[in-house]
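Asker: Sharing a structure with you now.
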Amino acid sequence: QREERLERGGEPVRVTVSHKERKDCVTKAVVCDNQDGTYHISFIPEELGKYTISIFVRGQHVQGSPFTMTVKNRFRPHRGLFHCCTFCSSGGQKAAQCACGGTMPGGYQGCGHGHKGHPGSPHWSCCGNVVEASECSIKQPRQDSAQRSLLRTVAL
Numbered sequence: 001q002r003e004e005r006l007e008r009g010g011e012p013v014r015v016t017v018s019h020k021e022r023k024d025c026v027t028k029a030v031v032c033d034n035q036d037g038t039y040h041i042s043f044i045p046e047e048l049g050k051y052t053i054s055i056f057v058r059g060q061h062v063q064g065s066p067f068t069m070t071v072k073n074r075f076r077p078h079r080g081l082f083h084c085c086t087f088c089s090s091g092g093q094k095a096a097q098c099a100c101g102g103t104m105p106g107g108y109q110g111c112g113h114g115h116k117g118h119p120g121s122p123h124w125s126c127c128g129n130v131v132e133a134s135e136c137s138i139k140q141p142r143q144d145s146a147q148r149s150l151l152r153t154v155a156l
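Just so you know, the working numbering puts 21 at position 21 of the sequence shown, and the rest follows in order with no gaps.
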């Protein structure tokens, strides 16, 4: 098997995500070309259980494909603050940051009402989600040493 590193984007990438036990449970994947030979692949599993992820470039499996993944039911609580903005919730501290990505002029690192990146409503400082009764979208580290990242670099 030959290993080849892509130096630029533009390659046709095809991804299939299927549940191992429920053949009718096929999940759509989104492929984003980073234009540097890397691609960001994301999907939201519909069901719990084991999935097979196959990634093809130029009609060929990438190295290690197909991959397997187990989806478990684990609610991720928010670790931040549900607030209107970092300026208000921090008492005006310039170093306060927020995951919404908002910025304010004058050396402030966080968000403020009506400034660039502010979502326009109260939101969680940990992930930027605007729904108070929601699961955090930031994957938090597990306590055990067996954790593996789902971010992978693969070769053809």
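Just so you know, even glycine gets a beta-carbon here, dropped at the ideal spot from N, CA and C.
Using the beta-carbon count (16 or more within 10 Å), is H19 buried or exposed?
Answerer: Taking the sequence shown and counting its residues from 1, one reaches residue 19 at position 19. The residue is buried, with at least 16 neighbouring Cβ atoms inside 10 Å.
Asker: Drop a sphere of 10 angstroms on the beta-carbon of G102, count the other beta-carbons inside from all chains shown, and report buried for 16 or more, exposed for fewer.
Answerer: Stepping through the sequence shown from its first residue, residue 102 is reached at position 102. Per the 10 Å Cβ criterion, buried.
Asker: Drop a sphere of 10 angstroms on the beta-carbon of C126, count the other beta-carbons inside from all chains shown, and report buried for 16 or more, exposed for fewer.
Answerer: In the sequence shown, the residue the question calls residue 126 occupies position 126. Buried, because 16 or more other Cβ atoms sit within 10 Å of the Cβ of C126.
Asker: Below 8 angstroms between beta carbons: does that hold for F75 and G112?
Answerer: Reading the sequence shown from its first residue, position 75 is the one you call residue 75. Reading the sequence shown from its first residue, position 112 is the one you call residue 112. Not a contact, by the Cβ cut-off of 8 angstroms.
Asker: Let me make sure I understand the geometry here. Which of K50, H118, A99 has the alpha-carbon closest to that of K72?
Answerer: Residue mapping note: residue 72 aligns to position 72 of the sequence shown, counting from 1. Among K50, H118, A99, the Cα nearest to that of K72 belongs to K50.
Asker: Check F75 in the structure and name its three-state DSSP category.
Answerer: Position 75 of the sequence shown, counting from 1, holds the residue named residue 75. Residue state, collapsed to three classes: coil.
Asker: Mapping the DSSP letters down to three states, classify C88 as helix, strand or coil.
Answerer: Reading the sequence shown from its first residue, position 88 is the one you call residue 88. C88 falls in the helix class under three-state DSSP.
Asker: Report yes if the C-beta distance between P122 and G128 is below 8 angstroms; otherwise report no.
Answerer: By 1-based counting over the sequence shown, the position of residue 122 is 122. By 1-based counting over the sequence shown, the position of residue 128 is 128. No, the pair does not count as a contact, with Cβ atoms beyond the cut-off.
Asker: Starting from R14, trace the beta strand (DSSP E) both ways and give me its first and last residue.
Answerer: As a first step, residue 14 must be located in the sequence shown, where it is residue number 14. Unbroken beta strand (DSSP E) run through R14: 13 to 19.
Asker: Can you list, in chain order, the residues of its chain whose CB lies under 8 angstroms from that of N34, leaving out five sequence neighbours each side?
Answerer: On the sequence shown, position 34 is the one that residue 34 refers to. So the qualifying residues of the chain are G9, H40.
Asker: Please confirm whether P45 and I53 have their CB atoms less than 8 angstroms apart.
Answerer: Residue 45 sits at position 45 when you count from the first residue of the sequence shown. Residue 53 sits at position 53 when you count from the first residue of the sequence shown. Not a contact, by the Cβ cut-off of 8 angstroms.
Asker: Residues bridged to V31 by DSSP?
Answerer: The sequence position of residue 31 within the sequence shown is 31, counting from 1. Paired residue(s): I41.
Asker: Report yes if the C-beta distance between C136 and G117 is below 8 angstroms; otherwise report no.
Answerer: In the sequence shown, the residue the question calls residue 136 occupies position 136. In the sequence shown, the residue the question calls residue 117 occupies position 117. Going by C-beta atoms, C136 is not nearer than 8 angstroms to G117.
Asker: Just how far apart, CA to CA, sit G114 and P77?
Answerer: One-based indexing of the sequence shown puts residue 114 at position 114. One-based indexing of the sequence shown puts residue 77 at position 77. Computed Cα separation, rounded: 27 angstroms.
Asker: V57 and V13 - do their beta-carbons sit closer together than 8 angstroms?
Answerer: For this step, residue 13 is matched to residue 13 along the sequence shown. For this step, residue 57 is matched to residue 57 along the sequence shown. For V13 and V57, yes; Cβs fall inside 8 angstroms.
Asker: Based on DSSP bridge pairs, tell me the residues matched to H123.
Answerer: Mapped onto the sequence shown, residue 123 falls at position 123. Partner(s): H83.
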